[in-house]
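Throughout, my numbering is defined as the position within the sequence shown, counted from one, plus 87.
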Amino acid sequence: MLSEEFWPLLARLHGHRCPMSIMGARLGYAAAARLGRHREKGDVTATYMNRNCAIDGVMLALGTTPGNGNLKIEAKGLNLLEAVNDESGLRFRLTLTEGALALGRRYGELRRAQAGEEEREEILVRLQIAPEEEVVEVSELPGGACCRRMDR
Ligand SMILES: [Zn+2]
88 MLSEEFWPLL
98 ARLHGHRCPM
108 SIMGARLGYA
118 AAARLGRHRE
128 KGDVTATYMN
138 RNCAIDGVML
148 ALGTTPGNGN
158 LKIEAKGLNL
168 LEAVNDESGL
178 RFRLTLTEGA
188 LALGRRYGEL
198 RRAQAGEEER
208 EEILVRLQIA
218 PEEEVVEVSE
228 LPGGACCRRM
238 DR
């Protein structure tokens, strides 16, 4: 599980607490749990298919960043993360569940109405602590190190 220091650090990096930055962290952490965080068990590279708050969560949880060139952002409007460990060749595709996205939408409605401060906080905490399967859908992708090498 993500450490206690993680969430305040994410809020500091990102500038505010919000559902998408938290969901991004859940995506990144789900990837790290399977591939290792970048440089823990080899080099990890990832692509995130949207330009939104989730990017900062992915960066902090998975250790891949645009700055060091191993987090690519493709603005395709999809909340989809693909991550690969170049050493093991393991590849995963991670998306957000409908339930998690519904919580994010509910948060947005409340915020726009400047209402439900307590409910908004509950949504953020729930997204942080919910079991992985409530927030993230994970599938392993075929074609490991062998196929990547052929691409080069
Ligand atoms: Zn945000």
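Every residue, glycine too, gets a C-beta built ideally from N, C-alpha and C.
Quick caveat: nothing in here was measured; it's all calculated off a predicted structure.
DSSP links K159 through a beta bridge to T134.
DSSP places A170 in no alpha helix (DSSP H) but in the uninterrupted beta strand (DSSP E) bounded by L167 to N172. Taking C-beta separations shorter than 7 Å and ignoring five residues to either side along the sequence, the partners of W94 in its chain run Q215, following chain order. Checking the DSSP bridge columns, you'll see V223 partnered with L183. Look at M107: its beta carbon is less than 7 Å from one of the heavy atoms in ligand 1. Annotation for H125 indicates a beta carbon at 7 Å or more from all heavy atoms of ligand 1. If you check the CB distance, V131 and T151 come in under 8 Å. Distance from the Cα of T134 is smallest, within the candidate group E208, F179 and V223, for F179. Scanning the stretch 93 to 151 from its first residue to its last, the whole alpha helix (DSSP H) runs of 4-plus residues come out as 93 to 101, 106 to 122 and 141 to 149.
The Cβ neighbour count for P106, taken over all protein chains shown within 10 Å, is at least 16; the residue is labelled buried. Considering only H101, R99, G115 and L100, the residue with the shortest C-alpha distance to L89 is G115.
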